[in-house]
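Here is the structure we will look at, set down as structure tokens.
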Amino acid sequence: MSTVTQNVVSPIVIDPTYLSTWSHRIWVATGCTVVLVSFMKSIIIGAPYSSNLFVITLAGLVGYVMADLLSGVYHWAIDNYGTPSTPFFGEQVKEFQGHHMLPCSITKRQFANNVHALTRAVTFAVLPLNLLCHDPIVHGFVSICFGCIMFSQQIHAWSHSTMNQLPPVVVALQDLGIILSRSQHGAHHRPPYNTHYCIVSGIWNHFLDNQNVFKTLENFMFLKLQLVPRSWCECNPK
2 MSTVTQNVVS
12 PIVIDPTYLS
22 TWSHRIWVAT
32 GCTVVLVSFM
42 KSIIIGAPYS
52 SNLFVITLAG
62 LVGYVMADLL
72 SGVYHWAIDN
82 YGTPSTPFFG
92 EQVKEFQGHH
102 MLPCSITKRQ
112 FANNVHALTR
122 AVTFAVLPLN
132 LLCHDPIVHG
142 FVSICFGCIM
152 FSQQIHAWSH
162 STMNQLPPVV
172 VALQDLGIIL
182 SRSQHGAHHR
192 PPYNTHYCIV
202 SGIWNHFLDN
212 QNVFKTLENF
222 MFLKLQLVPR
232 SWCECNPK
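So the sequence shown is numbered by this note's numbering: it starts at 2 and just counts up by one.
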């Protein structure tokens, strides 16, 4: 009598903390809405004046460049200072430290779960500008800068993904240097773990690292406030 062996496939268990909630999705929708309104104000208000279009476009490019710088400053600060109990930023500190221990875990997060914290911040930052400011040049800068910041965590997630996991257009943008590449961000997760903090395009990383900008800031924070950055600690979990 023959014995039949049945292969039982275990169900894939998804960590619930990686899943998007309706709250996450609502914040993503509101963040996208306020950024889109800002962008449309730059176009609609500026369109009748063709001389403004060049300046608005230039403001958008400056916003794109500044978004990368701001993402690096924020990433450096969250990486090195604060604890999970820090008001307002504690959850971000906890998530970034968890990311350092399991870098590829970010690729398992659903989209809204990954970006909702930044979309919430962008909503509160851009909404007052939409209501109070009607300068198309300002909105040209704001819409691109905050739009890039809002999606920086998704760009970050793509930089941890393999090529076959990414849409061809994302791979092309990475190869062109328009968004953060996998090879460039990979340097952040190698010893000594204190470089390549910028996560939008990475265009600031070379300058900031070569000029020791963040090391200078760390020395200043230590001398003035006695704050020791995590990058100085031998027990750094990265």
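Where is the CB? At the ideal position from N, CA and C, for every residue including glycine.
Keep in mind it's a predicted model, so treat the numbers as computed, not measured.
Buried or exposed by the 16-neighbour rule on C-beta atoms within 10 Å, applied to residue i
{"i": "Pro137", "result": "buried"}
{"i": "Ser184", "result": "exposed"}
{"i": "Cys149", "result": "buried"}
{"i": "Asn165", "result": "exposed"}
CB-CB length for residue i against residue j, believed under 8 Å
{"i": "Ile107", "j": "Ala158", "result": "5 Å"}
{"i": "Ser144", "j": "Phe40", "result": "4 Å"}
{"i": "Leu181", "j": "Asn114", "result": "The pair is not a contact, with the Cβ atoms about 20 Å apart (cut-off 8 Å)."}
{"i": "Lys42", "j": "His140", "result": "5 Å"}
Simplified DSSP assignment, three categories, for residue i
{"i": "Thr217", "result": "helix"}
{"i": "Pro137", "result": "helix"}
{"i": "Ile204", "result": "coil"}
{"i": "Ser144", "result": "helix"}
{"i": "Leu132", "result": "helix"}
{"i": "Glu235", "result": "Note on Glu235: pLDDT 46, under 50, position unreliable in the model; the coordinate value appears next. Residue state, collapsed to three classes: coil."}
{"i": "Leu20", "result": "coil"}
{"i": "Leu224", "result": "helix"}
{"i": "Tyr65", "result": "helix"}
Residue span of the alpha helix (DSSP H) that contains residue i, given as start and end
{"i": "Arg191", "result": "Unbroken run through Arg191: none, as it is neither H nor E."}
{"i": "Arg231", "result": "Neither: Arg231 is in no alpha helix (DSSP H) and is coded neither H nor E."}
{"i": "Cys199", "result": "No alpha helix (DSSP H) contains Cys199, which DSSP labels as neither H nor E."}
{"i": "Ile44", "result": "Trp23 to Gly47"}
List, from N- to C-terminal side, the alpha helix (DSSP H) runs of 4 residues or more that fit wholly inside the segment 148-182. DSSP runs (the alpha helix (DSSP H)) wholly in the segment 148-182: 153-159 and 169-177.
Return the chain-ordered ranges of every alpha helix (DSSP H) run that is complete within the segment 73-105 and spans a minimum of 4 residues. For the segment 73-105, whole alpha helix (DSSP H) runs of length 4 or above, ordered along the chain, are 91-102.
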